[in-house]
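Residue numbers (the UniProt record's numbering): 1 to 175. Heads up, the thing below is written out as structure tokens.
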């Protein structure tokens, strides 16, 4: 993970990965199948760990608006997001890796759904759609925003209303 995060997929060899892991290069390909597959594994492991960093930030917020804005701002800045976007783009030419991406996105979405449900219960807030849809929509917007940014679009993160994709709001009186 560290090598990929520091230097990217193309600048790291299987021999370097094996040396850093105290393994032989053939063990890397035996267990993961390819460097690309290992990269996908590492990218999503980084993203899942980074996503956990959102939890204490969101728990500290006292209003739905502050919650939405803090989550959006922090998610866009997570270091693993562009790496995960790159990992997903690999599957365009490596369809055998698509199940791995689907599995990891499923983990990310379930983790986000559990977190969101806990926050809603803790603060007695509500959302306008099912929690699983809310989680998938949020992460799809995060990953899409970074993909657009990584593609060279001359804009700022403030050009995208990522907080607006979340429907978290206070429970109306009497509900």
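Heads up, the beta-carbon is just placed ideally off N, CA and C, and yes, glycines get one too.
Contact set for residue i: own chain, Cβ-Cβ below 8 Å, skip 5 residues either direction
i: residue 74; result: 53, 54, 57
i: residue 129; result: 137, 167
i: residue 16; result: 3
Environment of residue i [buried if 16+ CB atoms lie within 10 Å]
i: residue 95; result: exposed
i: residue 6; result: exposed
i: residue 31; result: exposed
i: residue 19; result: exposed
i: residue 245; result: Residue 245 falls outside the range modelled here, since the chain spans only 1 to 175, and no answer is possible.
i: residue 77; result: exposed
i: residue 163; result: buried
Rounded C-alpha distance that separates residue i from residue j
i: residue 170; j: residue 147; result: 32 Å
i: residue 142; j: residue 72; result: 8 Å
i: residue 8; j: residue 41; result: 14 Å
i: residue 145; j: residue 161; result: 10 Å
i: residue 22; j: residue 173; result: 60 Å
i: residue 132; j: residue 91; result: 24 Å
i: residue 89; j: residue 139; result: 16 Å
i: residue 59; j: residue 112; result: 13 Å
i: residue 165; j: residue 46; result: 24 Å
i: residue 120; j: residue 107; result: 20 Å
7 Å Cβ shell around residue i - same chain, five flanking residues per side excluded
i: residue 33; result: none
i: residue 64; result: 125, 168, 169, 170
i: residue 37; result: 97, 100
i: residue 85; result: 143, 146, 147, 150
i: residue 135; result: 109, 112, 113, 116
i: residue 12; result: 3, 4
Neighbour flag for residue i against chain D, beta carbons, 9 Å
i: residue 28; result: In the structure shown, chain D cannot be found, because there is only a single protein chain.
Contacts around residue i, its chain only, beta-carbon distance under 6 Å, and the 5 residues preceding and following it disregarded
i: residue 14; result: 25, 28, 35
i: residue 61; result: 67, 70
Residue i versus the options, residue with shortest Cα-Cα distance
i: residue 105; options: 151, 18, 87, 93; result: 87
contact_flag[the stretch 40-55, the stretch 76-94] where n(CB pairs < 8 Å) is 3 or more:
yes
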